[in-house]
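Quick notes on the structure that follows.
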Amino acid sequence: MKGIQGKVALVTGAASGIGRETALRFAEEGSKVVVSDVQKDAGEQVAGEIENAGGDAVFLDADVSNEADVARLVDETVNVFGGLDFAHNNAGIEGTVGSIAEMDLDDFQRVIDINLTGVFLSMKYEIPRLLERGGGAIVNTASVAGMTGGPNLSHYYAAKHGVIGLTRSAALEVATDNIRVNAVLPGVIETPMIERFTAGNEEAKEALLKDEPIGRLGRPEEIASAVVYLCSDDASFVTGHPMVVDGGYVVP
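Number 30 in UniProt numbering belongs to position 30 of the sequence shown; there are no gaps in the numbering.
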């Protein structure tokens, strides 16, 4: 894709799933990649895969809910690669299943801290570095949950609605600074998160499939393609957009 080669990309939640595939895809397109996650071994493995394939990558651990960690992550990215051009703010968790009336505040807050506050903190420290480069692009991972509602995962739905709002607000704040901010809204994707959510139960997976008009679950690499497109010059007139990649999930 245009405008990706030779640039620096930071991907959070990059040890597995969508983040992993996005990091690999940025590298395939010629970007230098910072792979970031709280899972050190898995994250280092992703960075190693990129380097073994001839790319340029480094693993940096960070908890996106911790402001000091995020500030350090962005500073170290610039120290290692000389700048920052793209960011995929992807780190997230599904949280504990439970009704609003029965949910502990700590469980609710943890999901908000990682899935929503983590995106805020990431952009807070990324945007000044993008300005130093004369512009760039950010893609935040929201979800089709940000366009719908559902029982027993109120914290997750609330956070993903919030990510879309943050994305739109940030896009307007930096629209004249040559920085584009978009969100990708995956449907049900075959990732470790879905495996945890269904606990390997085939009936639970079948239930998820019923909501996918395309007749299958999505693949992480399909979301990665959308993320890299949104960062590329091919999407130069796209900002503030919640891009749905869901096999038709939200259409009915």
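Don't be surprised by glycine CBs; every beta carbon is placed ideally from N, CA and C.
Could you check what DSSP says for Asp246 in three-state terms: helix, strand or coil?
Asp246: coil per DSSP, three-state reduction.
Can you tell which of Glu126, Glu102, Leu153, Pro186 has the C-alpha that lies nearest to the C-alpha of Val174?
Closest option to Val174, Cα to Cα, is Glu126.
What distance in whole Å lies between the Cβ atoms of Ala145 and Lys160, which are believed to be in contact at a cut-off of 8 Å?
Their Cβ separation, rounded to whole angstroms, is 4 Å, which keeps Lys160 and Ala145 in contact under 8 Å.
Do Val245 and Pro186 come within 7 Å of each other at the CB atom, strictly closer than that value?
In this structure, Val245 lies closer than 7 Å to Pro186 by Cβ.
Specify, as a first and last residue, the run of the alpha helix (DSSP H) that residue 324 falls within.
This structure does not reach residue 324, given that the chain is present from 1 up to 252, and the question cannot be answered.
Measuring CA to CA, which of Lys40, Gly19, Gln39 is closest to Val33?
Val33 has its Cα closest to that of Gly19, out of Lys40, Gly19, Gln39.
Of all the alpha helix (DSSP H) runs that stay within the bounds of the segment 14–68, which reach a length of 4 or more residues?
Here the runs fully enclosed are 17–28, 40–52.
With DSSP as the reference, identify every bridge partner of Arg180, one or two as the case may be.
Beta-bridge pairing links Arg180 to Ala137.
Of all the options Arg168, Ile189, Asp104, Phe59, which has the alpha carbon lying nearest to the alpha carbon of Thr12?
Considering only alpha carbons, the answer is Phe59.
Determine the burial state of Lys7: buried for a count of at least 16 other Cβ atoms within 10 Å of its Cβ, exposed for fewer.
Result: buried.
Just to confirm, is the Cβ distance from Pro242 to Ala183 under 7 Å?
Cβ distance < 7 Å, so Pro242 and Ala183 count as in contact.
Between Ala42 and the rest of its own chain, which residues show a CB-CB distance below 7 Å, the 5 nearest in sequence each way excluded?
Correct list, in chain order: Ala15, Ser16.
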